[in-house]
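Residue 43 in UniProt numbering sits at position 43 of the sequence shown; the count goes up by one each step and never skips.
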Amino acid sequence: MTLQAGPGLRLEQDDPTEPLDRQSRGTLAETLRRHLADDILDGRLLPGVRLDEQELAARFGVSRTPVREAFKLLAATGLVQVRPNKGVVVTSITPERLAQMFEVMGEIEAACARFAAQRMTAEERQRLAALHAEAGALARAGDREAYDAMNTRFHSAIYAGAHNDYMQETAQAIRQRLRPFRRAQFRVSGRLSLSWLEHDSVVRAILHGDGEAAYHALRLHVTTVGDASADYVGRSSG
């Protein structure tokens, strides 16, 4: 099977006078990962398709090194598998498996919210409120890319506010695994504003020091995120 070309076939350079391969390879690999993850979740790259390193390097106008690094990032999320004698192949995640992953994510994030409500310093609470306010402006503007980045910062602030290093590391690891799916939710109509409103319930509970309310609000939020992500992926691949 051959690759189906998605939108935006070449990556934009920050400095047009500087070759892409001289830019930060980590940043470039992450950009490639995002493009390929979007193609997979949008159904442009179907399960079983082999990802050709040379073809992708030509498609995006880069060397093969960042493509290999992007493959590693995709493999960490489970979107692709490295198979002997077959190379890198797009995998298929069942709705049941995705639901299980979000169920675990919901419990971990909810526990972080509970502890954050109990343990955040005054400065951390102010920072969380500020992030939430910035996210609100982005949601109203309909800026999906910027809101997605702010969303990551928002949740990371809650993980850190739990003041439990192991829990924070666990939450970040699971979030990284689910990152492409969480990103997909924002393509669902009206999801930006709903996401912000769900965050609002979490923030209010944390600022009031109500651990139980924070736990339930964030657990409900992640459950809704999982449903929205699964719905989008299902419609894209159907």
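Even glycine gets a Cβ: it sits at the ideal position worked out from N, Cα and C.
Asked: CA-CA distance, cysteine 112 and valine 203?; Found: 13 Å
Asked: To which residues of the same chain is methionine 167 closer than 8 Å at the C-beta, ignoring the five residues directly before and after it?; Found: Ile108, Ala111, Cys112, Phe115 and Tyr159
Asked: Please give the ranges of any alpha helix (DSSP H) in the stretch 112-150, keeping only runs that are unbroken, at least 4 residues long and fully inside the region.; Found: 122-141
Asked: Check for me: the alpha helix (DSSP H) holding valine 67 runs from which residue to which?; Found: 64-77
Asked: Figure out for me which residue from Val225, Leu28 and Asp231 has the closest Cα to the Cα of valine 104.; Found: Val225
Asked: Looking at C-beta atoms only, is the number of pairs between the stretch 60-71 and the stretch 26-33 that lie closer than 8 Å three or more?; Found: yes
Asked: Assign threonine 223 to one of three DSSP states: helix, strand, or coil.; Found: helix
Asked: Taking 7 Å as the limit between beta carbons, can you name the residues of its chain near leucine 197, skipping five residues before and five after?; Found: none
Asked: Nearest to histidine 155 by alpha carbon, out of Asp52, Ala37, Ala58 and Gly106?; Found: Gly106
Asked: Given that a residue counts as buried once 16 or more other Cβ atoms are within 10 Å of its Cβ, and exposed if not, what is asparagine 85?; Found: exposed
Asked: Between threonine 94 and valine 80, is the Cβ-Cβ spacing less than 8 Å?; Found: no
Asked: Is the separation between the beta-carbon of alanine 133 and that of glycine 209 shorter than 8 Å?; Found: no
Asked: Can you find the residues in the same chain that come closer than 6 Å, C-beta to C-beta, to threonine 77, ignoring five residues on each side of it along the sequence?; Found: Arg177 and Pro180
Asked: Just to confirm my understanding: we take glutamine 23, look at its own chain, exclude 5 residues before and 5 after, and list those with CB closer than 6 Å. What are they?; Found: Note on glutamine 23: pLDDT 44, under 50, position unreliable in the model; the coordinate value appears next. Taken in chain order, the list of residues that qualify is empty.
Asked: Using a 10 Å radius around the Cβ and a threshold of 16 neighbouring Cβ atoms, would you call proline 83 buried or exposed?; Found: According to the sequence as given, residue 83 is arginine; it is not proline. It is exposed - the Cβ of arginine 83 has fewer than 16 other Cβ atoms within 10 Å.
Asked: Can you tell me whether glutamine 126 is buried or exposed, with buried defined as 16 or more other CB within 10 angstroms of its CB?; Found: exposed
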